[in-house]
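Student:
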Amino acid sequence: MLNIHNLSISFAGEYLFEEISFRLTPGDRVGLVGKNGAGKSTMLKILSKEQEPDSGQLAMDKEVNIGFLKQDIDFVEGRTVLEEAYEAFEEIKTIERKLEAINVQLAERTDYESESYNQLITDLSDDTQLYEILGGYNYQGETEKVLQGLGFDKEDFNNLTSTFSGGWRMRIELAKLLLQNNDILLLDEPTNHLDIESIIWLENFLKGYVGVVVIVSHDKMFLDNVTNRTIEISLGRIYDYNKPYSKYLVLRKEMREQQLATQKNQSKQIEQTEKLIEKFRAKASKASMAQSLIKKLDKIERIEVDEDDNAVMNINFPISIQPGKVVIEAENLAKAYGDKQILSDVDLLVERGSKIAFVGQNGQGKSTLAKMIVEEVSYEGHLKLGHNVQIGYFAQNQSEYLDGSLTVHDTMINAANEKTRSRVRDMLGSFLFRGDEVDKKVSVLSGGERNRLALCKLLLQPFNVLVMDEPTNHLDIKSKNVLKSALANFEGTLILVSHDRDFLQGMTDTVYEFKDRKIREYLGDIDFYLEQRKVADLREIEKKDKVITKKVAPKAAEKLSYEDQKKLKSLRNKLSAIESNINKLEREIKAIDEQLAVDYDQTIAQPNFFDTYQAKKTKLNGLMKDWEVVQEALEPLS
0 MLNIHNLSIS
10 FAGEYLFEEI
20 SFRLTPGDRV
30 GLVGKNGAGK
40 STMLKILSKE
50 QEPDSGQLAM
60 DKEVNIGFLK
70 QDIDFVEGRT
80 VLEEAYEAFE
90 EIKTIERKLE
100 AINVQLAERT
110 DYESESYNQL
120 ITDLSDDTQL
130 YEILGGYNYQ
140 GETEKVLQGL
150 GFDKEDFNNL
160 TSTFSGGWRM
170 RIELAKLLLQ
180 NNDILLLDEP
190 TNHLDIESII
200 WLENFLKGYV
210 GVVVIVSHDK
220 MFLDNVTNRT
230 IEISLGRIYD
240 YNKPYSKYLV
250 LRKEMREQQL
260 ATQKNQSKQI
270 EQTEKLIEKF
280 RAKASKASMA
290 QSLIKKLDKI
300 ERIEVDEDDN
310 AVMNINFPIS
320 IQPGKVVIEA
330 ENLAKAYGDK
340 QILSDVDLLV
350 ERGSKIAFVG
360 QNGQGKSTLA
370 KMIVEEVSYE
380 GHLKLGHNVQ
390 IGYFAQNQSE
400 YLDGSLTVHD
410 TMINAANEKT
420 RSRVRDMLGS
430 FLFRGDEVDK
440 KVSVLSGGER
450 NRLALCKLLL
460 QPFNVLVMDE
470 PTNHLDIKSK
480 NVLKSALANF
490 EGTLILVSHD
500 RDFLQGMTDT
510 VYEFKDRKIR
520 EYLGDIDFYL
530 EQRKVADLRE
540 IEKKDKVITK
550 KVAPKAAEKL
560 SYEDQKKLKS
570 LRNKLSAIES
580 NINKLEREIK
590 AIDEQLAVDY
600 DQTIAQPNFF
610 DTYQAKKTKL
620 NGLMKDWEVV
630 QEALEPLS
C-alpha cells in the first residue's frame, strides 16, 4: 500500500533520520515510538505528504486516502459539533446540496414536458442512487455513534465547537477521521485528551480497522492493546518488529545483548590476530605470514551494536521555604457550572509533606478541585492555604499557554527574574534543550518538547507545594520515568491528578477517589486503593463506574423544530459566555478584597478606587440576573 525507500530529513545540518526504508500493508497497526524530538511527528507529516523529505521516495497505490490527526487543529468558526463532524462526508454533503437544488427547481417549474425538466428528473434519480450507495441515509446515525463513543453527549451536538476546550476539539477531529473510511490513518497522540471509556472504545474501533494505522503514543497499554507492529526512531535509524510495544522491547533488548556478546567474541579474535601480526613482523621469515594476517583482518566486517539514546532530562524540584504543618484546609467546598453540580460538600485537609493522588472518571471534579486550590476558578465554601504556602501549578494543558512566536530561550528569559535569569541556559540544558535548540520557535516543537519546556518554566518560580494535572501528557516513556523520580525525591507536598497507574505507583501515600460529586479518602498508595476496590487497574475503575447522568428531556433536542434548535444553540453559547465572565469578575473582586485586608489605606488611595470596585460588583450582579434569565429560557427547550 505504501513504500518508503531511503528516506532522509535533516534540521540545521543534523539528520533526524537518514536513508530509512519500510513498507506499510493493509492490516498493519504500527506503534511509532521514540524519544521526544526523535522525529515521530515529522515522520507522520511526511507520510501524509504535508512535508517533503530531503531525499528518498514514497510510493503508494493509486487512490489511497490518508487521514492525519495532528496535535494542532484549526476549525472554521460558527459550526456546531455535528456540523463539523459532518465535514467528514464531503462527497455526500455535495450531493445533498445538488439534490436540494434540484428539488427546489422541480417545485418552482411548471414546464413538465420540456427536455430540461426531464433532465432534472434523470439527475434526481442518478444522484439519489449515488447518495444511497455512499451511505447518505446512514451517515448522520454513524456520526452520532462515533461522537458518543468518544465521550460526547447528545446535548453537546448542537453546541459550537468554539465553546469546547482543545481536548474536546481534538475528539471532534478524531471523529471526522474515523468516519472518513481512510485507507491509512495517522494518529499523533490520540489518547492524550480521552478518558478511559473513550480510550477503550477507540481501541476496539482500531482493532477492527482493515486499513493501515500508524500511531504515535506514549501510552504503553494503548499500544499493546491496539498495535501489531512497532517502529522505533532512535538516533537517525529505525528498528522495525512485528510485535506490539512491550514484546518489541524484550526482543530489542535480547538482540542488543546478542550483538554485544558477538562483538565481544569478535574483539577477542581481532586482538589475538593483532598480537600475532606484531610477533611475526619482527621476524623476516614470518613477514609473508604477517601480511596474510593483515589482509585477513582488513576483510573482517566489524560487528556494530545498536546505539541506545540514553540522553534524559535532569530534573530536581527544590522547595522554597518550609510551610506550616497544615498546607490546605477546605470545608464544604462546592462547585457548579449552571445546573451541573461538579462537587458538593467536599472537606479536605492536607498536611505538610503529603503525597496525594486524585483519581476517578473525567468530569468528576479532579481538575476542578485542583483549579480551586490554585484559585483559578471560583467556588462556594471555605478554602484556606497554610502559613508560608507557595504553590507551583502544572495544568493539564500547560503547554498550550506557551507563546508559539517566541523561541525556547526567550520563553524562559521572559518568565525569569534577576535571580534565575543567569541560570536559564543551564536549566534548559537539563531539560535537553542544548546548543542551537534553544533558538527554536515554540511553534515548531513537538508536544513532548513543549511539555518539557513548560516543566522547565515551572522551576523558575518558588514553591513548596506542587499541584500537577496530568503532567505526563506528550512525554516519552524515558522522560516519564525521570519526572517520576524527581517527584519521588520532592520534599514538599505533592498533589497528582493522573490516569496513569504506572506513573502513580510508589508515588503517593493517600488516594482521593472522585465520584458522585464527593471525594473518598484511601490511606495508602495506588496499589492499596485498587486492592480495596478489588480491580486490577484504573481502567477497570473508570469503566465499571461509568457515570449515569439524569437527563430531564421532555423535549429531546433532535425533535425540536429548526428554529427552536437555533434558539437552543444560541442560549447555550450565551450561558457559557456569562459563566466565564462571572468567574473572571469573582476572581477580580476577591483579589481586591485581599488587597483591602492587607493594606486598606494604600488600596483605597488608588485613583477612582471605589467607582471601579462598585462597578465590578454591579456588573457581577447584572451577570447573575442575566444567567437566571437565560437559564429560565433554556428550561423548556432542554
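Using numbering that gives the first Met the number 0, you'd call the opening residue of the sequence shown number 0 and step up by one each time. For every residue, glycine included, the Cβ atom is placed at its ideal position computed from N, Cα and C.
1) Taking the straight line between their C-alpha atoms, what separation do you get for LEU514 and GLY364?
2) Suppose contacts are defined by Cβ-Cβ distances below 9 Å. Is GLN179 in contact with PHE88 by that definition?
3) Which residue wins for smallest C-alpha separation from ASN387, given the options MET426, SER429 and SER319?
4) Take the Cβ of MET371 as the centre, count every other Cβ of all protein chains shown within 10 Å, and call the residue buried at 16 or more, exposed below.
5) Could you spell out where the beta strand (DSSP E) holding GLY391 opens and where it closes?
6) Just to check my reading of the structure: LEU482 and ALA414 have Cβ atoms closer than 8 Å, yes? What is that Cβ distance to the nearest angstrom?
7) Have a look at GLY359 and ASN315 and give me their C-alpha separation to the nearest angstrom.
8) Following the continuous alpha helix (DSSP H) through ILE195, name the residue where it begins and the one where it ends.
9) Could you check where the alpha helix (DSSP H) with VAL629 kicks off and where it finishes?
10) Name the DSSP beta bridge partners of HIS4, please?
11) Evaluate ILE132 with the Cβ neighbour count: other Cβ atoms within 10 Å of its Cβ, from every protein chain shown; 16 or more gives buried, anything less gives exposed.
12) On the DSSP letters alone, give me the boundaries of the beta strand (DSSP E) that ASN413 sits inside.
13) Please report how far the alpha carbon of GLN601 lies from the alpha carbon of ILE341, in whole angstroms.
14) Three-state secondary structure (DSSP) at GLN50?
15) With the cut-off set at 9 Å, would you say GLY385 and GLY323 are in Cβ contact?
16) In this structure, what does DSSP give as the bridge partners for HIS386?
17) Taking the alpha carbon of LEU619 as the point to measure from, which residue in ALA604, ILE603, ILE577 and VAL597 has its own alpha carbon closest?
18) Based on the DSSP output, what are the partners of HIS381 in its beta bridges?
19) Can you give me the C-alpha to C-alpha distance between GLU328 and GLU512, rounded to a whole angstrom?
20) Since GLU231 sits in a beta bridge, which residues does DSSP pair it with?
21) Is LYS69 helix, strand or coil by DSSP?
22) Does the count of Cβ pairs from the region 133 to 143 and the region 77 to 88 closer than 8 Å reach three?
23) In angstroms, rounded to a whole number, what distance separates the CA positions of PRO317 and VAL496?
24) Give the secondary structure of TYR138 by DSSP, where H, G and I count as helix, E and B as strand, and everything else as coil.
25) Given a cut-off of 9 Å, decide if GLY235 and GLU17 are closer than it, judged by their beta-carbon atoms.
26) Helix, strand or coil for ASN158, going by three-state DSSP, please let me know.
27) Within this structure, are the beta carbons of ASP187 and LEU1 separated by less than 9 Å?
28) Residues in the same chain with beta-carbon distance under 6 Å from PHE21, minus the five sequence neighbours each way, listed in chain order, please.
29) Taking the beta carbon of ARG500 as the centre, do at least 16 other beta carbons fall within 10 Å, making it buried, or is it exposed?
30) Buried or exposed: where does LYS545 fall if 16 or more other Cβ atoms within 10 Å of its Cβ makes it buried?
31) If you draw a straight line from the C-alpha of ILE232 to the C-alpha of PRO189, how long is it?
32) CB-CB under 8 Å to GLN104, same chain, minus the five flanking residues each way: which ones, in chain order?
33) I need the straight-line Cα distance from CYS455 to ASN396, nearest angstrom please.
34) CA-CA distance, SER647 and ILE45?
35) To the nearest angstrom, report how far apart TYR14 and ILE276 are at their CA atoms.
36) If you check the beta carbons only, do ILE376 and LYS418 fall under 9 Å apart?
Tutor: For this structure:
1) For clarity, residue 514 is Lys in the given sequence; the question names Leu instead. So the alpha carbons of these two residues sit roughly 8 Å apart.
2) yes
3) SER319
4) buried
5) 390 to 393
6) Going by Cβ atoms, the distance from LEU482 to ALA414 rounds to 20 Å, so no, they are not a contact pair.
7) 29 Å
8) 195 to 206
9) 608 to 633
10) GLN56
11) exposed
12) Note, ASN413: premise wrong, no beta strand (DSSP E); alpha helix (DSSP H) at 407 to 414.
13) 38 Å
14) coil
15) yes
16) Looking at the DSSP assignment, HIS386 forms no beta bridge with any residue, so it has no partner.
17) ILE577
18) GLU330
19) 18 Å
20) VAL32 and TYR238
21) coil
22) yes
23) 20 Å
24) helix
25) yes
26) coil
27) no
28) ILE3 and ASP239
29) buried
30) Note that LYS545 scores 48 on pLDDT, short of 50, meaning its location in the model is unreliable and no value can be drawn from it.
31) 19 Å
32) LEU119
33) 15 Å
34) Nothing can be reported for residue 647: it is not among the residues displayed for the chain, which extend from 0 to 637.
35) 39 Å
36) Note that residue 376 is Val in the sequence shown here, rather than Ile. Not in contact: VAL376 and LYS418 (Cβ atoms no closer than 9 Å).
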